[in-house]
Every structure is written in structure tokens, then in C-alpha cells.
Amino acid sequence: MPWHVTAFYRFQPFNEADLPAMKERLREVMEASGVLGLVILAPEGFNGTVAGPTDGIEALKAFVQSWVEDAPVRFKDSFSNEAPFHRVSIDLRKEIVGLKRTDLAPEAEDNRHLSPAEWHAMLLSDEPKIIIDTRNDYETKIGKFRGAIDPGIKKFSDWKTYLQSTDLPKDIPVMIYCTGGIRCEKAILEMDEEGFQRVVQLRDGILGYLAEYPDGEYEGECYVFDDRTAVDAHLQPSALYSTCPGCGLAGDRAYTCEWCGDEFKVCAECEPKWKRHCSKTCRDRVLRRDRKKA
Ligand SMILES: [Zn+2]
Ligand SMILES: [Zn+2]
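Count along the sequence shown from 1, add 1, and you get the number used in this note's numbering.
In C-alpha cells, the structure reads:
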């Protein structure tokens with residue numbers, strides 16, 4: 002049975018005092034409907050990616066919608082034959098996306114949110130524009146929009162520093178995007194602060210774009226923060242990458258574990274140290290066996 006995966010978020014103020022009860026109720030709904038995954042709750046809103054049977058995911062969507070007063074929550078769906086998550090995690094945090102800026106209050110919908118069709122048309126148009134990927138370097142490494150600038154940041158909270166250090170012109174329209182749209186909600190407000198005159202963001206991010214334009218302007222695969230490691234242009238779990246046992250990021254070099262015989266993939270940086278074993282447990286056993294032989 003394939004796992005139905007859905008990603009969603011909403012910026013909407015909640016009373017901090019209400020969050021523990023919301024968390025408990027959500028846990029009950031997820032456990033009752035066989036849904037696993039990570040949901041973050043904060044005074045500024047919620048952000049989650051979860052997986053389960055389709056009827057369970059529908060129950061979860063209805064429950065999440067009950068938190069929201071205005072426009073429907075936007076759910077980005079995909080499917081996986083293997084479980085992308087192994088437990089229910091509900092975290093109470095200060096922010097639903099870690100920029101270290103709890104003072105920013107994104108608009109749910111405004112005319113700077115481009116639909117995938119509007120984004121695609123603007124990419125193909127002749128008008129001058131700059132495209133910037135707001136994700137981290139380990140994400141851009143495996144795929145990005147054609148012609149996009151990779152700011153080379155290690156974590157999202159470096160975005161402001163990047164904006165202040167770059168000499169990009171501020172009077173040319175800038176197009177920004179991320180995985181599912183949430184990072185751009187805050188990134189665009191920091192661009193306003195830095196004086197960029199016209200910025201647009203891709204609503205629903207790469208996941209939303211690929212759902213409509215699998216053969217469009219996005220090149221490579223899209224890194225995701227679960228056991229799929231990445232999804233391809235058709236939103237299918239990656240066949241190229243799996244989680245590197247050394248660093249936890251995208252590995253693309255295939256080996257067979259000397260201890261357990263499992264197939265696994267490591268990244269180029271971890272290859273010298275990790276090509277013999279698929280996990281820390283197997284590494285310890287292989288090293289102990291080496292010592293005995295020696
Ligand atoms: Zn690695
Ligand atoms: Zn192993």
C-alpha cells in the first residue's frame with residue numbers, strides 16, 4: 002500500500018497557552034488515523050509533513066483545517082511506497098521555519114505569490130529578472146531552477162547575511178522559491194527590509210511547481226526532509242539518492258554494507274570513511290572485526 006504524503010503550513014497567530022492542548026489533540030488524531038510524520042506548532046502558525054493511508058490523511062487534513070479561520074490550508078500531496086516517517090513527532094517551537102525572526106508576520110496570500118502557471122510564464126518571458134534559490138547548499142546541490150542563483154547558505158538564518166553581502170541590483174525583479182513555499186514567506190520580508198524593489202515568490206514551492214510542470218524549468222531532484230531524501234520531477238521518491246549514513250544528507254554512491262549486506266548510498270565527502278558500512282552500528286562491528294583480525 003503506498004503512503005500518501007502531504008506537506009502544509011499556515012502563518013496564523015495562536016495563543017502560546019493553547020499550543021499544548023492543540024498538540025495533544027493532534028497526536029490523538031494522528032494516532033487514530035495511522036498518520037506518521039513531523040508537525041511544528043508555534044505562536045506564528047503550523048508547518049508539517051506527514052504520511053499515512055489516504056483516509057487517514059483526509060482525516061488529518063480536516064482536523065488541521067479546523068484550526069484555520071480564513072482561506073483553506075494548501076496541502077501538497079505526493080506518494081511513497083516506503084514509509085517516509087517512522088513515528089509521530091509534534092514539536093512546540095518559537096518559529097515554524099527557523100529564521101530566528103519571530104517578529105515577521107507573512108501574508109497568507111497577496112499578489113506577490115505566483116501560481117506555478119504564473120511562475121512558469123515569467124521564467125519563460127523576456128523580461129529581465131533574477132532567480133534566487135532560498136534553500137541551503139545541500140539542497141541546491143541536487144537540483145534547482147534553470148538559471149537560478151545559489152546563495153550557498155548553510156542554514157536559512159544566513160539568508161539576511163547573504164542579502165547584505167550580495168551586490169545584486171535592487172531594481173530588477175527577483176523571483177524566489179523554496180521546497181514548499183514556507184521559507185519564501187519570511188525570506189521575501191527580509192528582501193523588503195534590504196530594499197529590493199520587486200520580489201515575487203513561488204506559491205507552494207518546487208513541490209507545487211512539479212505537480213503541474215514535471216518537464217518544465219526545474220532541473221534535477223528536490224531534496225525533502227524525510228526518508229525519501231529527495232523526490233524526482235514526477236514527485237516520486239528518488240531513485241538516485243538515499244540518506245548518507247555519514248552526514249544524513251543526499252548520498253549518490255552505492256555500496257554494499259560489509260556487515261549486514263544491505264545496499265546503501267554515501268555522499269562524495271563521506272565516501273572515504275563510510276563506504277564499508279551502512280550505519281553507526283554496522284561501522285562499530287566492522288571496526289571491531291578489523292581489530293580482532295589485526
Ligand atoms: Zn555524507
Ligand atoms: Zn549494515
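We put the beta carbon where it would ideally sit given N, CA and C, even for glycine. Values in this document were obtained by computation on a predicted structure and should not be read as measured data.
I'd like the list of long-range same chain contacts for residue i, defined as Cβ closer than 7 Å, with 5 residues on each side in sequence excluded.
i      : result
Ser116 : Arg204
Lys161 : Glu191
Phe280 : Strictly speaking, residue 280 in this sequence is Ser, with Phe absent from that position. Contacts found: Pro246.
Lys156 : Asn137
Asp127 : none
Ile173 : Pro129, Lys130, Ile131
Gln198 : Lys171, Asp172
Glu17  : Pro44
Ser158 : Gly99, Leu100, Lys101
What are the residues that DSSP puts in a beta bridge with residue i?
i      : result
Leu208 : Looking at the DSSP assignment, Leu208 forms no beta bridge with any residue, so it has no partner.
Glu220 : Lys145
Glu264 : Thr257
Lys77  : Ala8
Pro238 : Val232
Tyr178 : Asp134
Leu37  : Ala52
Ile91  : Val40
Phe47  : Arg11, Leu42
His114 : Gln202
Ser243 : Gly252
Ile150 : Ile133
By Cβ distance, which residues of its chain are closer than 8 Å to residue i, with the 5 residues on each side in sequence left out?
i      : result
Cys185 : Thr135, Ile177, Tyr178, Cys179, Gln202, Leu203, Gly206
Met2   : Pro54
Lys276 : Arg254, Tyr256, Val267
Asp151 : Asp134, Asp138, Thr141, Lys145
Buried or exposed: where does residue i fall if 16 or more other Cβ atoms within 10 Å of its Cβ makes it buried?
i      : result
Lys187 : buried
Asp104 : exposed
Lys274 : exposed
Met296 : A question about residue 296 goes unanswered here, because the residues of the chain that appear run from 2 up to 295.
Asn112 : exposed
Pro73  : exposed
Thr244 : buried
Phe47  : buried
Phe265 : buried
Pro238 : buried
Arg289 : exposed
Hey, is residue i close to ligand 3, as in C-beta under 7 Å from one of its heavy atoms?
i      : result
Leu241 : As for ligand 3, it is missing from this structure, which binds only ligand 1 and ligand 2.
Sort the options by Cα distance to residue i and report the nearest one.
i      : options                        : result
Ala149 : Leu124, His5, Arg284, Lys171   : Leu124
Glu83  : Val232, Glu96, Gly181, Arg290  : Val232
Phe64  : Ala106, Phe9, Ser79            : Phe9
Ala60  : Val89, Leu27, Ser90            : Leu27
Asp71  : Glu110, Ser81, Pro85, Lys293   : Glu110
Phe76  : Phe15, Thr7, His235            : Thr7
Gly49  : Asp56, Gly57, Thr55, Leu37     : Leu37
Phe12  : Lys101, Glu29, Glu108, Leu20   : Glu108
Asn287 : Cys261, Ala269, Cys271         : The sequence as given places Val at residue 287; Asn does not occur at that position. When each option's Cα is compared against that of Val287, the closest is Cys261.
Phe86  : Gln237, Pro170, Pro215, Asp228 : Asp228
Ser79  : Pro129, Asp253, Pro215         : Pro215
Pro14  : Trp68, Asp159, Arg284          : Trp68
Cys268 : Asp253, Ala118, Glu259, His278 : Asp253
Leu250 : Ser34, Gly196, Cys271          : Cys271
Could you pull out every residue in the same chain whose Cβ sits closer than 6 Å to the Cβ of residue i, ignoring the five residues on either side in sequence?
i      : result
Phe146 : Ile132, Glu218, Tyr219
Trp120 : Leu203
Gly182 : Arg204, Asp205, Gly206
Ile58  : His5, Thr7
Notebook entry, point to check: Pairing CB atoms from the segment 87-103 with CB atoms from the segment 40-57, are three or more of them under 8 Å?
Noted result: yes
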